[in-house]
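Protein sequences appear in the order of chains A and B.
Each residue of the first sequence is one higher than the last, beginning at 0 in numbering that gives the first Met the number 0.
Each residue of the second sequence is one higher than the last, beginning at 0 in numbering that gives the first Met the number 0.
A virtual CB, placed ideally from N, CA and C, is assigned to each residue, including glycine.
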Amino acid sequence: MSMNIVTREGKSYEDMWEPGCFAGAILAAGTVENSVIALHAPSGCSIWGTHYRADPITTGIYTPILSTGIHEPEVIHGGTKKLGETVRDVIKRNKWLHPKVCWIFTADATSMVGDDIDAVAREVEGETGVDVIALDTPAFSGGYNLGANLVYAALIDRFADKDVKKDNSINIIGPVLSGSRNWSQDFLEIRDLLEAADVKINTVLTYRTNVEDLKDFAKAKANYYLTSESLPNVEQISDKLGMETFGKDLILPFGITNTEEWYLKIAEKFGDVEKAKKRLREDMHFLKTKLNQDYNATWHFHDMFGKRGALLGRAPFVSSLARCLFYDYNARPVVLGILAETQQAIDSAKASLDEMSENLDFDVLINPSYFEFGLAMEKAKVHFSVGQSVDRWLSEGMDISNTPLGGLYFQSHFNFVPWPYAGVRGMLNLMTEFSYLMDRVKIEPGYLKAQSYLRAFLDREKKEA
Amino acid sequence: MGSDVRQIALYGKGSCGKSTVAVNLAVALQRMNRKVLQVGCSPKVDSTCFLLGGKIQSDNILEFYREKGIDEKKIFEVIKEGTDGIWCAEAGGPAPAEGCAGRGTALALDFIKKYDVAGKLGIDFIIYDVIADVVCGGFAQPMREGYAKEIYLVANGELMSLYSANNICLAVQELAKSGAEVRIAGIINNMRGVVKEKELMQEFGRLLGVGIVGNIPRSELVSQSEAKGGTVMEKFPDSPQASEYRNLAKAILDNTERTIPTPVELSSIMGILRKYQAL
Chain A
0 MSMNIVTREG KSYEDMWEPG CFAGAILAAG TVENSVIALH APSGCSIWGT HYRADPITTG
60 IYTPILSTGI HEPEVIHGGT KKLGETVRDV IKRNKWLHPK VCWIFTADAT SMVGDDIDAV
120 AREVEGETGV DVIALDTPAF SGGYNLGANL VYAALIDRFA DKDVKKDNSI NIIGPVLSGS
180 RNWSQDFLEI RDLLEAADVK INTVLTYRTN VEDLKDFAKA KANYYLTSES LPNVEQISDK
240 LGMETFGKDL ILPFGITNTE EWYLKIAEKF GDVEKAKKRL REDMHFLKTK LNQDYNATWH
300 FHDMFGKRGA LLGRAPFVSS LARCLFYDYN ARPVVLGILA ETQQAIDSAK ASLDEMSENL
360 DFDVLINPSY FEFGLAMEKA KVHFSVGQSV DRWLSEGMDI SNTPLGGLYF QSHFNFVPWP
420 YAGVRGMLNL MTEFSYLMDR VKIEPGYLKA QSYLRAFLDR EKKEA
Chain B
0 MGSDVRQIAL YGKGSCGKST VAVNLAVALQ RMNRKVLQVG CSPKVDSTCF LLGGKIQSDN
60 ILEFYREKGI DEKKIFEVIK EGTDGIWCAE AGGPAPAEGC AGRGTALALD FIKKYDVAGK
120 LGIDFIIYDV IADVVCGGFA QPMREGYAKE IYLVANGELM SLYSANNICL AVQELAKSGA
180 EVRIAGIINN MRGVVKEKEL MQEFGRLLGV GIVGNIPRSE LVSQSEAKGG TVMEKFPDSP
240 QASEYRNLAK AILDNTERTI PTPVELSSIM GILRKYQAL
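As structure tokens, this is what we get:
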């Protein structure tokens, strides 16, 4: 039994649906209360930027975005005039929101042109009194973790007091970075669990964050990150504020086994282990009462048993969900597509999956292209796949039933049930999602095959070879 | 653009005299019955200044494009007739420290090609006068397919001028490797007056595998003619300096050299300088 790591050596292209730095910046900034955003970008980037938003979620807040929509003349002559107008307008038009922060983000073209976004920020800040924060966030500089990292660091730098007396609390960093499409409900459950174990939460970067709350950011003993990715700017600034980094190698609490491991470790360090155990018992009791004598639940676990699955998504989410499928369901997650921006996230995923390799053969594809992932699914003869809404058609084109549980694209967020995937109680939601999936596994394959252009394409390629 | 239109591009370090060479060469060629278009590829829009009576061209392609848009008719509003009927175009570009001049140059040249400016004006010789070094892809546009395949390095015996010429050769070598037909046609030694400059440049050319197409001596007549708002060819047509430009024009017309150069390390350039300048 082994974990087979598949890297992309020798391939220079990447045909993955990966949101870039400015999309991450918009996501992070979009969860700061009284924020408005000016995106300095041509229309193509604007479309993507404005579709990676944090507001189309249950409990989300509306964050207005206005784009400069630059054209060729601005690329050649510079676009600061258009940017200035856009920034002024996005503040003025949203006075009802009482903007406290206006963000300026660049996309690829505007970053290359090198417009002086800081000068525009200073000018409008002077005129309006609103904090204007300009960040250079081209997609070619990195992915959405990098964008969030820049926003978080800017928030700390701008609003946090430096000399604050420490207590034993923690800050939670990056709820949006977990990779779950249900991240807001997951975060609320995580917060609830932590509070039940007497873990004191100081501030959250970012979930409905008010900039005034950030004043006391440095009071916390540690930052607990809901991502395994490196966030260098945040870590650097937090180091200077004397705050420790925690949670980069801690499994996310999806499923029963993961939740138990996660909860006890974090309670041991920052809270009360006995209280955590008590809450675990309560939640298990809750789960049992909901499932007791539920005939369909029995069917569901029977359906999932031994099924071969493929997972594609952000590193911390996929590694946690894979363990949930294996340990809680006895399913076989045999193809894992890990999307990671930093080595830290890759290493953390490998470490958390390593234990599974004692009892299961599986492939871990690091940042695979779509075709590589598709071919790996085909080779492994998987029954189902779990991914993001944007890669659903890849699986279905391969005649494999799919459910999108990850991703941050707006189409991933057609989910109106205020219930988490995370925690023991979140298991009910995961079971619902997986039971729909199992239903489709039974009826879809023939139907998908008949419709599949991709299948026909691959069959023809095989025949010609 | 018809295949009978000869297109050359002048590249070289900033302030090495590319525009001075270009305007005098343009007049010399025009007087040899060629119909010349000079295209300034710099946001400074000063390439054609001395073909237009010492005035900066009022309209340039990119500014006009921004203000009014460009189409097959409007493009001719920004191409002005200068000395002896030479057609003058300036690509234009952003103000200093703003925008992307390289992208602008590429776009302006695309307009000239797309709207067949040469064909419609009966042009048979185009001179692209390109800003300083090949600092980005936009400024390499004149070297690409459909533009000038014939590159002249304007250089002198000073270290940084040689270094810049060598860098341009690197760009040409790379483009040639990828299948482009661009070649170095020669070095124009626009002399600065350093010791043994002709010999030094000859040796530099040998290292690069490129010939010297002309040695233009330093002359006070250049600044005197510029003070009068014109070219040496126009203001001092009977001077020895004007003869040098005529000789250069003739040499270029007769020149069939097209070389993929062999750029060298900085140490080799320093070696030549030591040999002739006793550094």
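query	result
Is B:Asn104 buried or exposed, if buried means 16 or more other CB atoms sit within 10 Å of its CB?	The sequence as given places Thr at residue 104 of chain B; Asn does not occur at that position. Buried is the call here.
Using a beta-carbon distance cut-off of less than 9 angstroms, what residues from the region 60-72 of chain A approach chain B?	Glu71, Pro72
For A:Ser11, is the classification buried or exposed, using 16 other Cβ atoms within 10 angstroms of its Cβ as the cut-off for buried?	exposed
Any beta carbon from chain A within less than 7 angstroms of B:Glu97's own beta carbon?	yes
Does any C-beta atom of chain B lie closer than 7 angstroms to the C-beta of A:Gly445?	no
So for B:Thr258, helix, strand or coil by DSSP?	strand
Anything in chain B within Cβ reach of A:Gly77, meaning under 9 angstroms, just list it in chain order.	Pro93, Ala94, Ala96, Glu97, Gly98, Cys99
What would DSSP say about A:Glu126, mapped onto helix, strand or coil?	helix
Pairing CB atoms from the region 420-438 of chain A with CB atoms from the region 271-283 of chain A, are three or more of them under 8 angstroms?	yes
Helix, strand or coil for A:Met242, going by three-state DSSP, please let me know.	coil
Taking 7 angstroms as the threshold (beta carbon to beta carbon), is B:Gly103 in contact with chain A?	yes
Of all the options A:Glu357, A:Val131, A:Leu311, A:Lys99, which has the alpha carbon lying nearest to the alpha carbon of A:Val363?	A:Leu311
Would you tell me roughly how many angstroms separate the C-alpha atoms of B:Met232 and B:Leu51, rounded to the nearest one?	14 angstroms
Identify the continuous alpha helix (DSSP H) that holds A:Cys44 and give its terminal residues.	42-50
Relative to the C-alpha of B:Ile167, which candidate in B:Arg245, B:Leu9, B:Tyr127 has its C-alpha closest?	B:Leu9
With 7 angstroms as the threshold, decide whether the Cβ of A:Val74 is near any Cβ in chain B.	yes
Run through DSSP, which three-state label would B:Cys87 get?	strand
Please classify A:His76 as buried or exposed, where buried requires at least 16 neighbouring CB atoms within 10 angstroms.	buried
Which value, in whole angstroms, describes the spacing of the CA atoms of B:Val35 and B:Cys48?	15 angstroms
For A:Val119, which residues in chain B fall below 7 angstroms Cβ to Cβ?	Simply none; closest approach about 12 angstroms.
Mind listing which residues of the region 49-70 of chain B have their C-beta closer than 7 angstroms to chain A's C-betas, in chain order?	Leu61, Tyr64, Arg65
Quick check on A:Val112 - is its C-beta less than 7 angstroms from some C-beta in chain B?	yes
Which residues in the same chain have their Cβ closer than 6 angstroms to the Cβ of A:Ser110, if we skip the five residues on either side of it in sequence?	Asp135, Pro137
Go through the region 262-318 of chain A residue by residue and report every complete run of the beta strand (DSSP E) that reaches 3 residues or more, in order.	307-313
What does a CB cutoff of less than 8 angstroms around B:Pro260 pick up in its chain, not counting 5 residues either side in sequence?	Cys168, Val171, Gln172, Ile183, Leu207, Gly208, Val209
With 16 as the cutoff for other CB atoms within 10 Å, does A:Val203 come out buried or exposed?	buried
Check whether the Cβ atoms of A:Asp130 and A:Val86 sit closer than 7 angstroms, and answer yes or no.	no
Taking A:Val74 as the reference, which of A:Leu429, A:Glu124, A:Ile46, A:Val112 has the closest Cα?	A:Val112
State yes or no: is the C-beta of A:Ala339 within less than 7 angstroms of the C-beta of A:Ala309?	no
Is it buried or exposed for A:Glu126, if we count other Cβ within 10 angstroms and need 16 for buried?	exposed
Output the distance between the C-alpha atoms of B:Lys176 and A:Val89, rounded to the nearest integer angstrom.	49 angstroms
Thinking C-alpha only, which one of B:Asp3, B:Pro236, B:Met31 is nearest B:Lys249?	B:Met31
Using 10 angstroms around the beta-carbon of B:Glu196, count the other beta-carbons present and answer buried if the total reaches 16, otherwise exposed.	buried
Quick one, which of A:Gly146, A:Met376, A:Thr30, A:Ile103 has its alpha-carbon nearest A:Thr62's?	A:Thr30
State buried or exposed for B:Ser57, treating a residue as buried only when at least 16 other CB atoms are found within 10 Å of its CB.	exposed
From the DSSP output, in three-state form, read off A:Trp102 for me.	strand
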